[in-house]
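Here the sequence shown is numbered in this note's numbering, starting from 1173 and rising by one per residue. Beta carbons are placed, not taken as given, at the ideal position from N, Cα and C, and that holds for glycine. Single-structure report; data block below.
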Amino acid sequence: MRAPSGLALVALLLLGGCLAEPTLPTGGAGPTVAIDVVARGETNTSFLSAWAATPSRAWFGGQGGVVLGWDGQRYQAETVGVTETIAGLWGADVDHLLAVGDGGSVLRRENGAWSVDTTIAGVQLLGLWGLDRTRYWIVGTGGYIARHTATGWQQMAAPTSTELWSIWGRTDESLVAVGNNGTIVECCINGAWQQVATPTSQPLFGVAGDGAGRMVAVGASGTILLRDGTGVWRQVASPTPVTLFRVQAIGNADFTIVGDGGRILRGNGEQWSLASVSGPGENLRAVATAGGRQFAAGWFGEVLDDRDGWQLQHTGAVLFGVHVAADGRGLAVGLGGLAYAREAGAWQRITLPTATSLYGVDGPNASQLLVVGDSGTILRRDGATWQRESSPFGGLLRSVWWGPGGRAMIVGAQGTALASDGAGWRSTTTGTSGFLRHVWGREWVDLWAVGDSGTVLRWNGSQWHRLETPVRSLLRGVWGRTSRDVWVAGEEGVVLHWNGSRWAQLPAPTPGALRAIRGDDADIWVVGEAGGAWRWDGQRWSAFSVGIPGLLIGIGGGDGRPLVAVGELAVIAEGRR
1173 MRAPSGLALV
1183 ALLLLGGCLA
1193 EPTLPTGGAG
1203 PTVAIDVVAR
1213 GETNTSFLSA
1223 WAATPSRAWF
1233 GGQGGVVLGW
1243 DGQRYQAETV
1253 GVTETIAGLW
1263 GADVDHLLAV
1273 GDGGSVLRRE
1283 NGAWSVDTTI
1293 AGVQLLGLWG
1303 LDRTRYWIVG
1313 TGGYIARHTA
1323 TGWQQMAAPT
1333 STELWSIWGR
1343 TDESLVAVGN
1353 NGTIVECCIN
1363 GAWQQVATPT
1373 SQPLFGVAGD
1383 GAGRMVAVGA
1393 SGTILLRDGT
1403 GVWRQVASPT
1413 PVTLFRVQAI
1423 GNADFTIVGD
1433 GGRILRGNGE
1443 QWSLASVSGP
1453 GENLRAVATA
1463 GGRQFAAGWF
1473 GEVLDDRDGW
1483 QLQHTGAVLF
1493 GVHVAADGRG
1503 LAVGLGGLAY
1513 AREAGAWQRI
1523 TLPTATSLYG
1533 VDGPNASQLL
1543 VVGDSGTILR
1553 RDGATWQRES
1563 SPFGGLLRSV
1573 WWGPGGRAMI
1583 VGAQGTALAS
1593 DGAGWRSTTT
1603 GTSGFLRHVW
1613 GREWVDLWAV
1623 GDSGTVLRWN
1633 GSQWHRLETP
1643 VRSLLRGVWG
1653 RTSRDVWVAG
1663 EEGVVLHWNG
1673 SRWAQLPAPT
1683 PGALRAIRGD
1693 DADIWVVGEA
1703 GGAWRWDGQR
1713 WSAFSVGIPG
1723 LLIGIGGGDG
1733 RPLVAVGELA
1743 VIAEGRR
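Structural data, given as structure tokens:
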């Protein structure tokens, strides 16, 4: 997350523990009086199941009993009446949908409303498949298999006691289910389920057929199995070693597989290739198809479709950092390379050249930006193009400052601080091994960094010095107007102010964590838990909320620019004067 910082004189370091009254903000063109959500996801639940009735009607099920519906125009959460994980979805048509949960519930959606059809005690239901409105099957833990017919539910004898994760069938007499330890069971050989030979001991999580004789099963470590005209399951080469979770047939000898790291595979059963995917690269757990349109879903509410290549359509992933330039253009970055750009007053998702989580962004204008993130990731925009830069540190980089003259500073884990004059990055000595979480400054010879255990460091252009503080809380954000007007925020509602010689600790606006701080010539803003934001007007705190249950994590703008906060649920909220 981002929050600017301030300055302090090295000669006054020993005065850092003293307290003084905070300086009141001065002047201004009127305060920001509200923070309104301009973009957000509907949910950040992790999806495990999906089903599509038509190209414009689809559903996605996940943790906490969340079912997200798509009507061709918007995504909307539906109330299902349970809080268990929705592990399977299937429908006979758009008006008749079924779901199973890991608490044993079988749910039915008719006339637009969900209800509990039945509950299987002591079983976690993991998979679901059907043929029409009366014939469908469920599988789960302990080798559980049951079928529904016109006369109701009936448990079926199973030849295994292991977990069964997925089931598919072409007819009542041609069914297959897969599970742990490479287990494959088929029905109905001599009128019953029987276990068949398998070429793997890897867990199998998904199975599907094309209705024309080919069936594919997928599982851990990139496992892909094929059953074709020979009637025997055999392992085929996989283009990826990651765990694969679900497979769906699009047509004859035409399958799609989804798995970890946002992987999507396309193949004929025998030969497979990786599809190009534009998105954060979150783990995918479900795939569905209807009318030539495919959907994939996974962690953090991620939904993709393939109308124009695989593109992200919905996410509830976290945005960590945001930058707003003087002309109002902005960039917000987050989990798995998620990014949104602000152009002409509107936010639109864009694609950056990484699937790595990104945490900080800064730059002198909207066309010159630095973005930092996991695994030593440094991206630089200079004009219209983005390029990766080499980092001497391969860990998490949390925050970046880019000031006049092309000089820049990055801070992150293990006390890391990387400096640049525009020609590569070099490590600097910070004197701490703690996590440095934010950096800010008005000029190169006066930068501030904050981090764990009340750490505040100041850079004089050549070296870092520690500035003692009256707290030991984790500090997450720093910002200032001048070297004598610097503000710091962190855990336990801590807000500190530096007047050039002493610290003052303000009354806490909340007992919870504050994740970022920013201001202008009139006010100071902090953001944190439960979608909360607080404004300090020099006398008192005023509380605001953007109406989401999650964290606000980053804040940008101010100094005459639009104030923007970002956080969980991919929320973007803008200040309004």
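Backbone secondary structure at residue i - three-state DSSP
i	result
PRO1536	strand
GLY1237	helix
GLY1739	strand
ASP1477	strand
GLU1663	helix
ASP1657	strand
PHE1565	coil
TRP1616	coil
GLY1213	coil
LEU1507	helix
ALA1392	helix
GLU1701	helix
ALA1462	strand
ALA1585	helix
PRO1734	strand
ASP1432	helix
Straight-line Cα distance separating residue j from residue i
i	j	result
GLU1345	ALA1364	9 Å
LEU1724	VAL1430	31 Å
ALA1469	LEU1398	24 Å
ASP1546	PHE1607	13 Å
ARG1648	ILE1550	20 Å
TRP1519	GLY1691	22 Å
PRO1227	THR1523	24 Å
THR1528	GLY1433	10 Å
THR1215	GLY1488	5 Å
TRP1708	GLU1474	36 Å
GLY1726	GLY1613	17 Å
ASP1554	THR1313	54 Å
CYS1360	VAL1494	57 Å
HIS1268	GLY1236	22 Å
VAL1449	GLY1567	25 Å
LEU1446	GLU1454	15 Å
ALA1702	VAL1667	18 Å
PRO1194	TRP1697	Note that PRO1194 scores 41 on pLDDT, short of 50, meaning its location in the model is unreliable; the coordinates nonetheless yield the value given after this. So the two alpha carbons sit approximately 15 Å from each other.
SER1673	LEU1541	33 Å
TYR1247	GLY1213	9 Å
GLU1740	VAL1490	4 Å
GLY1253	SER1287	7 Å
LEU1507	TRP1471	11 Å
SER1333	VAL1238	29 Å
ALA1715	ALA1694	16 Å
GLY1684	TYR1512	28 Å
GLY1548	ASP1624	20 Å
THR1204	ASP1304	56 Å
GLY1234	LEU1220	5 Å
The ligand ATP heavy atom lying under 7 Å from the CB of residue i
i	result
THR1526	Here there are no bound small molecules, and the ligand ATP is not part of this structure.
Beta-carbon gap between residue i and residue j smaller than 8 Å
i	j	result
TRP1301	TRP1337	no
GLN1366	VAL1379	no
PHE1753	ALA1225	Residue 1753 lies beyond the stretch modelled for the chain, which goes from 1173 to 1749, so this question has no answer here.
VAL1611	TRP1651	no
GLY1719	VAL1350	no
TRP1636	THR1682	no
VAL1272	GLY1284	no
VAL1459	TRP1405	no
GLY1577	TRP1616	yes
VAL1278	ASP1289	yes
PRO1331	ASN1352	no
GLY1276	ALA1293	yes
SER1592	ARG1609	no
ASP1382	ASP1426	yes
Residues that residue i bridges to, as DSSP identifies them
i	result
ALA1230	ALA1224 and TRP1242
SER1599	LEU1590
THR1343	SER1346
CYS1359	LEU1347
GLY1299	VAL1311
VAL1368	According to DSSP, which records beta bridges pairwise, VAL1368 is partnered with nothing at all.
ARG1749	In the DSSP output, where bridge partners are listed per residue, ARG1749 has none listed.
ALA1497	Per DSSP, none; premise fails for ALA1497.
VAL1272	GLY1260 and VAL1278
LEU1629	ALA1621 and ARG1638
LEU1723	The partner list for LEU1723 (beta bridge, DSSP) is empty, contrary to what the question assumes.
Any 3 or more C-beta pairs closer than 8 Å across the segment 1385-1399 and the segment 1408-1422: Segments in contact, yes.
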